Amino acid sequence: MTAQERIAALRKKFLEQLPERLERIKVLSTQLSTTAAAAPVLDELHRLVHNIKGTGRSFGFSDLGDVAGQVEDLVCSLLDSGASAPTTDCHQLFGQSVQVLGLHIAALCTTESASEYTEHEALLLPETCIAPLSPKETCLVYLCEDDELLLQQLSIQLGCFGYEIHTFLSTEALREAVRERWPDVVLMDIEFPEGRSAGTSIVQAIRQEMGKPLPAVFMSSHDDIQSRLNAVLAGGEAYFHKPVNVMDLVRVMDELSNRSQPEPYRVLIVDDEPGVATYHAILLQEAGMLTAQLTDPAQLRNALDDFRPDIVLMDIYMPGCNGRDLAKLIRQLPDYVGLPIVYLSSETDRQKLFSAMQVGVEGFLCKPVVPQELVAAVSVRADRMRILRSRMVRDSLTGLLNHTAITQFLENVLANAERQQAELCFTMIDIDAFKQVNDTYGHPVGDQVLLALSRLMQQRLRGSDIVGRYGGEEFAIILAGASPAMAWDIIDELRRNFELFKFKTPQGTFSCTFSAGIASCTRHTTLTALREAADKTLYRAKHNGRNQVLIEEDAP
Numbered sequence: 001m002t003a004q005e006r007i008a009a010l011r012k013k014f015l016e017q018l019p020e021r022l023e024r025i026k027v028l029s030t031q032l033s034t035t036a037a038a039a040p041v042l043d044e045l046h047r048l049v050h051n052i053k054g055t056g057r058s059f060g061f062s063d064l065g066d067v068a069g070q071v072e073d074l075v076c077s078l079l080d081s082g083a084s085a086p087t088t089d090c091h092q093l094f095g096q097s098v099q100v101l102g103l104h105i106a107a108l109c110t111t112e113s114a115s116e117y118t119e120h121e122a123l124l125l126p127e128t129c130i131a132p133l134s135p136k137e138t139c140l141v142y143l144c145e146d147d148e149l150l151l152q153q154l155s156i157q158l159g160c161f162g163y164e165i166h167t168f169l170s171t172e173a174l175r176e177a178v179r180e181r182w183p184d185v186v187l188m189d190i191e192f193p194e195g196r197s198a199g200t201s202i203v204q205a206i207r208q209e210m211g212k213p214l215p216a217v218f219m220s221s222h223d224d225i226q227s228r229l230n231a232v233l234a235g236g237e238a239y240f241h242k243p244v245n246v247m248d249l250v251r252v253m254d255e256l257s258n259r260s261q262p263e264p265y266r267v268l269i270v271d272d273e274p275g276v277a278t279y280h281a282i283l284l285q286e287a288g289m290l291t292a293q294l295t296d297p298a299q300l301r302n303a304l305d306d307f308r309p310d311i312v313l314m315d316i317y318m319p320g321c322n323g324r325d326l327a328k329l330i331r332q333l334p335d336y337v338g339l340p341i342v343y344l345s346s347e348t349d350r351q352k353l354f355s356a357m358q359v360g361v362e363g364f365l366c367k368p369v370v371p372q373e374l375v376a377a378v379s380v381r382a383d384r385m386r387i388l389r390s391r392m393v394r395d396s397l398t399g400l401l402n403h404t405a406i407t408q409f410l411e412n413v414l415a416n417a418e419r420q421q422a423e424l425c426f427t428m429i430d431i432d433a434f435k436q437v438n439d440t441y442g443h444p445v446g447d448q449v450l451l452a453l454s455r456l457m458q459q460r461l462r463g464s465d466i467v468g469r470y471g472g473e474e475f476a477i478i479l480a481g482a483s484p485a486m487a488w489d490i491i492d493e494l495r496r497n498f499e500l501f502k503f504k505t506p507q508g509t510f511s512c513t514f515s516a517g518i519a520s521c522t523r524h525t526t527l528t529a530l531r532e533a534a535d536k537t538l539y540r541a542k543h544n545g546r547n548q549v550l551i552e553e554d555a556p
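In UniProt numbering, the protein residues as written are 1 to 556.
Structural data, given as structure tokens:
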């Protein structure tokens, strides 16, 4: 079923439910004369007409939304006045408004065809769709740097990650090479003998000559605003202040050359109106995002822990609690203090919006939201969240999860595996004789070994596997859904691939190996026991002669 067909089905279901909702509104309106029932009746009435307004506008029924909005205004005035029951005149006015709403609903249900798309729905396709990209097998990188030592060092390090590196000491040599063969990425110094901004100037000149943008990443010893601005004006995709963090550079180059496939953004939609939640989920899914829907706020904590969203889209008015209280609750959870929250509601009262925003939400989108605006608003905030989260939880050298983060992931995944009665294996890896590598070839070469293994794990392991640097030359891998035998196959293949890797240095060429120990959650249900079992199995693998993978029960 296409996105338009799914939306048409939602739209049809909304129309079919309108008569039932109208009847409930009429029942509640007759109860308003009862003093004792006025407050809860008004709350339910407000939620009903507010949902009709927001949902109607989202599905393109703007007139219905306007009429429902007029009824909502009357309900809000009663709620704000604090009156125990409406006056006779007010009750009469309210009854007339409900009657108008009923006439509008009756007209819609008899004349509207659910198969017809409104102008608003037509905005969905195809502009917001993101076609999946096919990662490239090789990536041609032109590296231009007048410091010959740095040029060689970067070339060696980047070569470890499978890039085809061509080096140039001058800007003119780079220009000639581009004319002959177009690169995937240009890694460019900014300052050369001919000028402080010669690097940005040559990139601009190449763009003008060739008539298309040159994918460039700039690096410089200057960190001032003007240098960075010059790089932006030259079309630079990224800017690195020397000394360059190679792992950060690799991630950017992978994105530019389409070698990496970033994980889809994860969006949790909290809305008591299932149709609206599904509608917005379809829009985001069409843009390549993963969504989870929550209609019961009481299940929020489980949804956060299970889905681990990058951003939360939340309605303001829901039964049992409002969006403001729910956002405040999220902010009190240590793991989600920085999680972006965006209100998605048809509320237009600026004072109420300001009050709702005070708990620390990142924005507000008014229903009906244009699909492209929804996708853009979510993408920008989710991307920023990932960048901030990455800096907090990732090792600066390898880009893998750091010790604290991998431990937290293990705790969460282990709890999830226990709930679902699923298999899970935890693996500890240690590079053999790594101290000897550092002592013989120096720490920069040792860093290359760490980077190479990190990169190999990112490329060869399954997408569901979680990898972290445990400390020094130790790494940890969480293999969810894997039996011990399956985990052994995966890790041993990784071991064989790493053993074939050749490191070239001025002192000669060498290779490295690693040892690994695997423990399963079927034998150890606590975090401490699982880690200790994997660590002991790793120690036995080292003691048995290194360069091997052992499962706990196989270890002598």
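C-beta atoms are modelled at their ideal positions from N, C-alpha and C, and glycine is treated no differently.
Remember, predicted model here, so these are calculated numbers, not experimental data.
For the set 478, 502 and 297, the Cα lying nearest the Cα of residue 445 is the one of 502.
In chain order, 440 and 441 place their CB closer than 8 Å to the CB of residue 507, counting only its own chain and leaving out the 5 sequence neighbours on each side. Within its own chain, the residues whose Cβ lies closer than 8 Å to the Cβ of residue 273, once the five positions on either side in sequence are excluded, are 51, 54, 55, 295 and 315, listed in chain order. Taken through DSSP and simplified to helix, strand or coil, residue 513 comes out as coil.
Assignment of alpha helix (DSSP H) within the UniProt domain "GGDEF" (422 to 554), counting only whole runs of 4 or more residues, yields 434 to 441, 443 to 460, 484 to 499 and 527 to 543 in chain order.
DSSP, read as helix, strand or coil, puts residue 381 in helix. Closest option to residue 477, judged by alpha-carbon separation, among 431, 527 and 406: 406. The three-state reading of DSSP puts residue 269 in strand, counting E and B together. Assigned with DSSP and collapsed to three states, residue 190 falls in coil, not helix or strand. Relative to residue 14, the option among 191, 513 and 277 whose CA is nearest is 277. When secondary structure is reduced to three states using DSSP, residue 322 falls in the strand class. Short of 6 Å from the beta carbon of residue 483, and not among the five residues preceding or following it, lie these beta carbons of its own chain, in chain order: 423.
A buried status is given to residue 45, since no fewer than 16 other beta-carbon atoms sit within 10 Å of its beta-carbon.
In this structure residue 198 is not in contact with residue 216, their Cβ atoms being roughly 13 Å apart against a cut-off of 8 Å. Counted as a single uninterrupted DSSP element, the stretch harbouring residue 2 is not any alpha helix (DSSP H), since DSSP gives it neither H nor E.
If you draw a straight line from the Cα of residue 318 to the Cα of residue 77, it is about 19 Å long. For residue 409, the uninterrupted alpha helix (DSSP H) segment begins and ends at 403 to 420.
In the DSSP assignment, residue 164 is bridged to 140. Residue 268 is positioned such that its CB atom lies no closer than 8 Å to that of residue 375.
The beta carbon of residue 468 is closer than 6 Å to those of 400, 401, 406 and 476 in its chain, skipping five residues each way along the sequence. Within a 10 Å sphere around the beta-carbon of residue 472 sit fewer than 16 other beta-carbons, which makes this residue exposed. Residue 411 sits away from residue 381, with the two beta carbons spaced by 8 Å or more.
Cβ-Cβ distances below 8 Å link residue 394 to 400, 401, 402 and 405 in the same chain, with the five nearest sequence neighbours on each side left out; the list follows chain order. Within the same chain, 165 come within 6 Å of residue 159 by CB-CB distance, once the 5 residues on both sides are set aside. The C-alpha of residue 142 lies about 7 Å from the C-alpha of residue 168. Contact between the stretch 450 to 466 and the stretch 523 to 537 is absent: fewer than three C-beta pairs spanning the two stretches fall below 8 Å.
According to the DSSP assignment, residue 155 belongs to the alpha helix (DSSP H) that extends over 148 to 159.
Comparing alpha-carbon positions, the option among 23, 547, 527 and 371 lying closest to residue 494 turns out to be 547.
The Cβ atoms of residue 147 and residue 193 lie no closer than 8 Å to each other.
Secondary structure of residue 372 (DSSP, three-state): helix. In the three-state scheme derived from DSSP, where H, G and I count as helix and E and B as strand, residue 17 is classed as helix. Of the other Cβ atoms in all chains shown, 16 or more fall within 10 Å of the Cβ of residue 188; this residue is therefore buried. Residues 515, 516, 517, 548, 549, 550 and 555 of the same chain have their beta carbon placed closer than 8 Å to that of residue 541, with the five preceding and five following residues left out of the count.
For the pair residue 73 and residue 397, the Cα-to-Cα distance works out to about 57 Å. Contact between residue 498 and residue 521 does not hold, since their C-beta atoms are separated by about 26 Å, which reaches or exceeds 8 Å. Separation of the CB atoms of residue 431 and residue 413 is rounded to 24 Å, and the pair is thereby denied contact status at 8 Å.
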